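Numbers in this note's numbering are just positions in the sequence shown, counted from 1, shifted up by 352.
From the three backbone atoms N, C-alpha and C, an ideal C-beta is built for every residue, glycine too.
Since this is a predicted model, take the numbers as computed values, not measurements.
Before any comments, here is the structure.
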Amino acid sequence: MSQPTTENPNRRDFLRGSAAVAAAGVLASQYTIAHGAFAQGSDILKVGLVGCGGRGSGAAVQALSADPGARLTAMGDAFADRLDASLKNLKETEVGDKVTVDPSMQFIGFDAYKQVIDNVDVVLLTSPPVFRPAQLAYAVDQGKHIFCEKPIAVDAPGVRQVFAISNKAKEKKLSLVSGLCWRYDHGMRATFEKIKEGAIGDVRLVQATYNTSTLKKFPRQTGWSEMEFQLRNWQHFHWLSGDHNVEQHVHSIDKVLWAMQDQVPVRCTGTGGRQARTGEESGNVFDHFSVVYEFENGVKAFTSCRQMDGCDGDVSDHVWGSKGYCDIFKHLTKGETNWKFNGDKGNMYQTEHNELFKSIRTGQPINNGDYMTKSTMMAIMGRMSAYTGKMLTWDQALNSKENLTPEKWEFGPGREPVIATPGVTRFV
Ligand SMILES: NC(=O)c1ccc[n+]([C@@H]2O[C@H](COP(=O)([O-])OP(=O)(O)OC[C@H]3O[C@@H](n4cnc5c(N)ncnc54)[C@H](O)[C@@H]3O)[C@@H](O)[C@H]2O)c1
353 MSQPTTENPN RRDFLRGSAA VAAAGVLASQ YTIAHGAFAQ GSDILKVGLV
403 GCGGRGSGAA VQALSADPGA RLTAMGDAFA DRLDASLKNL KETEVGDKVT
453 VDPSMQFIGF DAYKQVIDNV DVVLLTSPPV FRPAQLAYAV DQGKHIFCEK
503 PIAVDAPGVR QVFAISNKAK EKKLSLVSGL CWRYDHGMRA TFEKIKEGAI
553 GDVRLVQATY NTSTLKKFPR QTGWSEMEFQ LRNWQHFHWL SGDHNVEQHV
603 HSIDKVLWAM QDQVPVRCTG TGGRQARTGE ESGNVFDHFS VVYEFENGVK
653 AFTSCRQMDG CDGDVSDHVW GSKGYCDIFK HLTKGETNWK FNGDKGNMYQ
703 TEHNELFKSI RTGQPINNGD YMTKSTMMAI MGRMSAYTGK MLTWDQALNS
753 KENLTPEKWE FGPGREPVIA TPGVTRFV
């Protein structure tokens with residue numbers, strides 16, 4: 353069984369020929385180049401935060417710690433209380449003196465991202481995933497460097513859009529760093545390099561597991577519209593989060609993709625359901641998934657995830673090859689090559705920003721568009737297969753017309769939280 357190589361690109365250019373690529377190609381020559389604009393280390397880099405929750409606030413600290421000239425100058429959120437709390441907390445951190453967000457630079461509402469992006473050099477996109485394609489598109493159009501959290505979309509139209517956007521970022525020489533943080537962990541990098549070098553021979557089987565406890569909930573409050581309730585509880589609604597196979601398990605799925613040298617699968621079969629998520633206000637996401645991905649060279653990846661209280665947790669990834677085995681999280685190989693990583697793993701969240709800001713300063717942009725779109729699409733494909741009960745090919749999934757993004761964003765009635773039923777829910 354041969355390892356996928358660049359000589360055998362099979363599904364590497366997974367969107368070749370699609371409308372998205374055509375659009376990116378036509379537009380590519382029209383863009384100006386931001387290259388080297390911040391080359392002097394003493395220049396101030398204005399940083400904006402879109403989505404001032406847990407991850408966004410963390411990313412802001414990391415951005416400000418990464419570069420002496422970085423200043424947080426604009427913030428945006430759907431809700432004023434979230435922005436206020438984040439701003440207060442950020443001011444109390446060790447980088448609080450670099451938090452200089454004037455009241456006129458605090459933006460609230462669905463369009464807040466535009467005002468933040470208009471006023472900064474670097475933007476941190478950390479709102480719920482459904483908003484990512486539109487926010488990425490605007491940031492790249494405005495010529496801004498980007499850190500964007502995973503996943504990058506909740507549906508195939510969103511993935512196709514982001515693929516085009518990331519090509520556009522490349523053409524404009526903008527940095528686009530993904531929040532798929534394990535790609536920035538030095539131990540993971542060394543481990544996947546070992547696999548690539550052939551330490552375990554040809555990859556034959558991959559196992560990826562993400563079993564955790566359930567999600568936090570924000571009980572409905574007087575005065576909240578249904579839309580506000582759903583948005584504040586975005587992880588519980590698949591149209592906002594993509595479901596946890598996409599929102600959380602994408603980290604593991606990305607490691608499957610990494611082990612496969614970023615070659616995407618040809619098909620998958622998924623199962624899943626809800627046993628523990630019941631009752632009022634429990635949204636419509638599943639609480640467990642199991643998806644088997646199959647690659648062109650016959651390799652299979654067995655992936656599963658669960659979000660239930662009272663059960664054992666397990667977040668681990670394993671790869672078996674023709675000459676040995678690799679425990680991804682323990683950073684070791686066994687078999688013909690017995691190896692263990694003993695170096696400094698670093699702080700992957702900080703490394704993301706160190707490398708982002710360095711890339712801006714040196715005019716050598718980073719573009720993580722390829723793997724962040726592929727792994728998000730793999731995760732969406734698994735969800736669609738589990739929801740419908742159908743085996744899906746990559747091409748079917750990628751060309752899916754299911755569009756979960758509303759045409760218009762406004763507070764008022766939310767979406768009816770329909771729960772998928774395998775065998776009944778149709779693939780669109
Ligand atoms: N890489 C990682 O390890 C990691 C860890 C946690 C979360 N994440 C990702 O980060 C993102 C945010 O997760 P979180 O845990 O911080 O969630 P959160 O709910 O704490 O924060 C999200 C914030 O976005 C705001 N928001 C909602 N709609 C918005 C809009 N249209 N415009 C601007 N702001 C909006 C919310 O009000 C909230 O303040 C998610 O995509 C999640 O998957 C990544």
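Beta-carbon proximity of residue i to residue j, cut-off 7 Å
i, j, result
"His588", "Gly635", "yes"
"Phe515", "Thr725", "yes"
"Val413", "Lys502", "no"
"Ile718", "Ser527", "yes"
"Ser479", "Thr561", "no"
"Gln659", "Thr564", "yes"
"Ser438", "Ser417", "no"
"Pro481", "Gly594", "yes"
"Asn315", "Ser530", "The structure shown does not extend to residue 315, since the chain spans only 353 to 780, so no value can be given for it."
"Arg767", "Trp591", "yes"
"Gly662", "Phe641", "no"
"Cys620", "Val637", "no"
"Arg484", "Ala505", "yes"
"Gly764", "Ser577", "yes"
"Asn751", "Asp507", "no"
"Gly741", "Pro774", "yes"
"Val451", "Lys440", "no"
"Val598", "Ala411", "no"
"Thr543", "His683", "yes"
"Val608", "Trp746", "no"
"Ala415", "His596", "no"
"Gly448", "Lys697", "no"
"Phe654", "Gln559", "yes"
"Val492", "Lys520", "yes"
"Cys500", "Leu532", "no"
"Gly622", "Ser456", "no"
"Leu435", "Gln467", "no"
"Thr777", "Tyr723", "no"
"Val555", "Val651", "yes"
"Met612", "Phe647", "yes"
Which residues DSSP lists as bridging residue i, in chain order
i, result
"Gly625", "His640"
"Val482", "Bridge partners of Val482: none, in fact."
"Thr685", "Cys678, Trp691"
"Ser668", "Thr561"
"Phe459", "Gly428"
"Arg423", "Lys398"
"Ile469", "Paired residues: none, contrary to the question."
"Cys663", "Answer is none; Cys663 lacks a bridge partner."
"Glu768", "In the DSSP output, where bridge partners are listed per residue, Glu768 has none listed."
"Phe654", "Gln559, Val644"
"His497", "Val474"
"Gly673", "Val555, Gly676"
"Val451", "Leu424"
"Arg619", "Glu646, Thr745"
CB contact check: residue i to chain D, cutoff 7 Å
i, result
"Gln582", "You won't find chain D in this structure, because it holds only one protein chain."
Inset, instruction - Evaluate contact between the segment 395-403 and the segment 426-439, counting only Cβ atoms and requiring at least three cross-stretch pairs below 8 Å. - result: yes
Legend entry - Chain-ordered residues, beta carbon under 6 Å from a heavy atom of ligand 1: Val402, Gly403, Cys404, Gly405, Gly406, Arg407, Gly408, Gly428, Asp429, Ala430, Phe431, Arg434, Phe462, Ala464, Tyr465, Thr478, Ser479, Pro480, Pro481, Phe483, Glu501, Lys502, Gly531, Cys533, Leu583, Glu599
Inset, instruction - Mind the definition here: the segment 679-686 touches the segment 508-527 only if three or more C-beta pairs lie below 8 Å; say whether that holds. - result: no
Inset, instruction - State whether the segment 453-469 contacts the segment 427-443, with contact taken as three or more CB pairs (one from each stretch) at a distance under 8 Å. - result: yes
Inset, instruction - Could you name each continuous alpha helix (DSSP H) segment of 4 residues or more that falls completely within the segment 518-563, going from the start of the chain to the end? - result: 538-549
Legend entry - At least three beta-carbon pairs within less than 8 Å, the segment 686-695 to the segment 550-559: yes
Inset, instruction - For the segment 466-476 and the segment 488-498, state whether three or more C-beta atom pairs, one from each stretch, are separated by less than 8 Å. - result: yes
Inset, instruction - Taking 8 Å as the threshold, find out whether the segment 566-573 comes into contact with the segment 702-712 through three or more Cβ pairs. - result: no
Legend entry - contact_flag[the segment 620-631, the segment 667-676] where n(CB pairs < 8 Å) is 3 or more: no
Inset, instruction - Please go through the segment 715-754 and give each complete alpha helix (DSSP H) segment of 4 or more residues, from N-terminal end onward. - result: 721-740, 746-750
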